[in-house]
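Engineer: In the working numbering, the protein residues as written are 53 to 450. Built from N, CA and C at the ideal position, the CB exists for glycine as well. This is the structure, below, for whatever I ask next.
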């Protein structure tokens, strides 16, 4: 049986960042990951955007980590040769009401220390000739990054500092063993003085197994992407976002130019019938029953507005024409022939028992353990400062 001071469960950006920060301090740390490669789920199935921090409530951890994380990730990726495209983002307003909301975003950006300015339709057309809008918020600090290469770079640094990696080891349970933990996997057991649970889509499940007092539950939402055909990628030069509706939980369909030159469009947001259900044909009946038996889920969707949103998002999943119509709101020249099905991701959205979406990072502590219950978007952007924060907390409690 192998023992470590700290075992981190989860090989995504937050878990590997935490391990890197611990290893740099000389802590004997190991990452346990059920897949045979890192960043196979949320960390590798997202848009890869570095969000500069204009869209987050001032004074929150999310706002602070987004601003700091964007700056630190750009520096880190440049040093490690990880591809980054600092193309900026344009948040487009279609009418006066949306323009007013842009000024609210600008005020948030100023409070958070994120660079942003309001620009007119002429500036928008100069930067994005095919986009349609009366005004936009321009945030030049936004960028796209190759998220999997980034996580592998973090892992390489952690390993160089002595961290261990147990790949293809699925954690089934963890029980107290003296003052520490015995972590059981499908390939054997590990002893740990301390456990950091960064298991993403399964973080709440592991937390309950380890006796953490959480009452929240992860509800999985699948986000499906299209990509522009190669001869249509000039429809988007940077990143084009809609003005967010503060009453809706998800941003909506948007355009992102990736580091490989592809332009991805999406995502929608539909209930996934399993925590790793990446297609609408994938079903885990046990996990679906867990969602449907959770009171918080029914409270979440109980309002007429939320039911309408759910129906609209479902239509975008099953009817390409509805997805394209949403995309055409930003780029009217785009046609259905310009869009090809691409990949999908599943978002681990933490929901409280009263049906509220948890929008901020949520970390709970139990005996000799830290549980990352919510690392929702922009988790990738926040991963360096968030991992450092988690490493600090784990080291203090060792």
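1) What residue does the beta strand (DSSP E) around residue 380 start on, and which one ends it?
2) Between the stretch 240 to 257 and the stretch 302 to 320, can you find at least three pairs of beta-carbon atoms closer than 8 Å?
3) Using the C-alpha atoms, what's the distance from residue 322 back to residue 388?
4) Looking at residue 437 and residue 109, is the spacing between their C-beta atoms short of 7 Å?
5) Please return the same chain residues whose Cβ sits closer than 8 Å to the Cβ of residue 52, not counting the five positions on each side in sequence.
6) Quick one: grab the DSSP three-state call for residue 387.
7) For the beta strand (DSSP E) holding residue 189, just list the boundary residues, first then last.
8) Out of 289, 324 and 131, which has the shortest C-alpha to C-alpha gap to residue 183?
9) Taking residue 135 as the reference, give the member of 144, 125 and 248 with the closest Cα.
10) Excluding five sequence neighbours on each side, which residues of the same chain lie with their C-beta closer than 6 Å to the C-beta of residue 407?
11) Where does residue 97 land, buried or exposed, given buried means 16+ other C-beta within 10 angstroms?
12) Beta-carbon separation of residue 248 and residue 60 under 7 Å?
13) So residue 204 packs on residue 90, CB below 8 Å; how close in whole Å?
14) So what's residue 311 in DSSP terms, helix, strand or just coil?
15) Nearest-angstrom Cα distance between residue 216 and residue 345?
16) Just list the residues that DSSP pairs residue 179 with in beta bridges.
17) Might you give, ordered along the chain, the residues of its own chain that have their beta carbon closer than 6 Å to the beta carbon of residue 71, omitting 5 neighbours on each side?
18) Would a C-beta distance cut-off of 7 Å place residue 285 and residue 198 closer than the cut-off?
19) Can you name, in chain order, every residue of its own chain whose Cβ lies under 6 Å from the Cβ of residue 375, other than the five neighbours on each side?
20) Look at the Cβ atom of residue 427, then the Cβ atom of residue 246, and state whether they are nearer than 7 Å.
21) Given that a residue counts as buried once 16 or more other Cβ atoms are within 10 Å of its Cβ, and exposed if not, what is residue 325?
22) Name, in chain order, the residues that DSSP records as bridge partners for residue 142.
23) Hey, would you say residue 343 sits closer than 7 Å to residue 118, going by beta carbons?
24) Do residue 122 and residue 193 come within 7 Å of each other at the CB atom, strictly closer than that value?
25) From the DSSP secondary-structure annotation, give me the bridge partner or partners of residue 233.
26) Could you round the C-beta distance between residue 142 and residue 190 to whole angstroms and report it? I think they count as a contact, below 8 Å.
27) For residue 196, list the residues DSSP reports as bridge partners.
28) Could you check which residue in 354, 73, 158 and 373 has the C-alpha nearest to that of residue 442?
29) Are the Cβ atoms of residue 295 and residue 145 separated by less than 7 Å?
30) Taking its Cβ as the centre, do 16 or more other Cβ atoms sit within 10 Å of residue 159, making it buried, or is it exposed?
31) Rank 278, 390 and 446 by C-alpha distance to the C-alpha of residue 370 and give the top, closest one.
32) Residue 67 and residue 244 - do their beta-carbons sit closer together than 7 Å?
33) Run through DSSP, which three-state label would residue 330 get?
34) Taking residue 421 as part of the beta strand (DSSP E), name the residues at either end of that continuous run.
35) If you reduce the DSSP assignment to three classes, tell me which class residue 325 lands in.
36) With DSSP as the reference, please indicate the residues paired to residue 316 in a beta bridge.
Structural biologist: Quick answer:
1) Stepping through the chain shown from its first residue, residue 380 is reached at position 328. No beta strand (DSSP E) holds residue 380; the alpha helix (DSSP H) holding it covers 372 to 380.
2) Between the stretch 302 to 320 and the stretch 240 to 257, the count of C-beta pairs closer than 8 Å stays below three; the two stretches do not touch.
3) In the chain shown, counting from the first residue as 1, residue 388 sits at position 336. In the chain shown, counting from the first residue as 1, residue 322 sits at position 270. So the alpha carbons of these two residues sit roughly 21 Å apart.
4) Counting from 1 along the chain shown, the entry for residue 109 is found at position 57. Counting from 1 along the chain shown, the entry for residue 437 is found at position 385. No, they are not a contact pair.
5) Nothing can be reported for residue 52: it is not among the residues displayed for the chain, which extend from 53 to 450.
6) One-based indexing of the chain shown puts residue 387 at position 335. Residue 387: coil per DSSP, three-state reduction.
7) Position 137 of the chain shown holds residue 189. Residues 187 to 191.
8) Here residue 183 refers to the residue found at position 131 when the chain shown is read from its first residue. Among 289, 324 and 131, the Cα nearest to that of residue 183 belongs to 289.
9) Against the chain shown, residue 135 aligns to sequence position 83. Nearest of 144, 125 and 248 to residue 135, Cα basis: 125.
10) Residue mapping note: residue 407 aligns to position 355 of the chain shown, counting from 1. Within the same chain, and ignoring the five residues on either side of residue 407 in sequence, the residues whose Cβ sits closer than 6 Å to its Cβ are 348, 351 and 352.
11) Residue mapping note: residue 97 aligns to position 45 of the chain shown, counting from 1. The residue in question, residue 97, is buried, as its Cβ has 16 or more Cβ neighbours within 10 Å.
12) Taking the first residue of the chain shown as position 1, residue 248 is located at position 196. Taking the first residue of the chain shown as position 1, residue 60 is located at position 8. It is a contact, given that the beta carbons lie within the stated cut-off.
13) Counting from 1 along the chain shown, the entry for residue 204 is found at position 152. Counting from 1 along the chain shown, the entry for residue 90 is found at position 38. The Cβ separation is near 6 Å, so the contact holds.
14) Translated into the one-based positions of the chain shown, residue 311 becomes position 259. Coil, per DSSP.
15) Counted from its first residue, the chain shown places residue 216 at position 164. Counted from its first residue, the chain shown places residue 345 at position 293. Counting only the Cα atoms, residue 345 lies some 38 Å from residue 216.
16) What you label residue 179 is simply residue 127 of the chain shown in a count that begins at 1. The partner list for residue 179 (beta bridge, DSSP) is empty, contrary to what the question assumes.
17) The count along the chain shown starts at 1 and reaches residue 71 at position 19. Counting only Cβ-Cβ distances below 6 Å, and skipping sequence neighbours, we find 60, 81, 83, 210 and 215.
18) By one-based count along the chain shown, residue 285 stands at place 233. By one-based count along the chain shown, residue 198 stands at place 146. Cβ atoms of residue 285 and residue 198: not closer than 7 Å.
19) Numbered from its first residue, the chain shown carries residue 375 at position 323. The beta carbon of residue 375 lies closer than 6 Å to those of 368 in the same chain, with the five residues before and after it left out.
20) Walking along the chain shown from the start, residue 427 turns up at place 375. Walking along the chain shown from the start, residue 246 turns up at place 194. Taking 7 Å as the Cβ cut-off, residue 427 and residue 246 do not qualify as a contacting pair.
21) Counting from one through the chain shown, the residue named residue 325 turns up at place 273. Its Cβ being crowded by 16 or more others within 10 Å, residue 325 is buried.
22) Counting from one through the chain shown, the residue named residue 142 turns up at place 90. The partner list for residue 142 (beta bridge, DSSP) reads 190 and 292.
23) Here residue 343 refers to the residue found at position 291 of the chain shown. Here residue 118 refers to the residue found at position 66 of the chain shown. Going by C-beta atoms, residue 343 is not nearer than 7 Å to residue 118.
24) Here the question's residue 193 lines up with position 141 in the chain shown. Here the question's residue 122 lines up with position 70 in the chain shown. Against a cut-off of 7 Å, the Cβ pair of residue 122 and residue 193 comes out as a contact.
25) Residue mapping note: residue 233 aligns to position 181 of the chain shown, counting from 1. Residue 233 pairs with 228 and 244.
26) Looking up residue 142 in the chain shown gives position 90. Looking up residue 190 in the chain shown gives position 138. Under the criterion of beta carbons closer than 8 Å, residue 142 and residue 190 qualify as touching, at roughly 6 Å.
27) The count along the chain shown starts at 1 and reaches residue 196 at position 144. Its beta-bridge partners are 101 and 137.
28) Mapped onto the chain shown, residue 442 falls at position 390. The shortest Cα separation from residue 442 among 354, 73, 158 and 373 belongs to 73.
29) By 1-based counting over the chain shown, the position of residue 295 is 243. By 1-based counting over the chain shown, the position of residue 145 is 93. Going by C-beta atoms, residue 295 is nearer than 7 Å to residue 145.
30) Your numbering for residue 159 matches position 107 in the chain shown. Burial call: exposed.
31) Working through the chain shown from its first residue, we reach residue 370 at position 318. Closest option to residue 370, Cα to Cα, is 278.
32) Against the chain shown, residue 244 aligns to sequence position 192. Against the chain shown, residue 67 aligns to sequence position 15. No. Outside cutoff.
33) As a first step, residue 330 must be located in the chain shown, where it is residue number 278. Here residue 330 sits in coil by DSSP.
34) Here the question's residue 421 lines up with position 369 in the chain shown. Element bounds for residue 421: 421 to 426.
35) Looking up residue 325 in the chain shown gives position 273. If DSSP states are grouped into helix, strand and coil, residue 325 belongs with coil.
36) Your numbering for residue 316 matches position 264 in the chain shown. DSSP output for residue 316 lists 279 and 308 as bridge partner(s).
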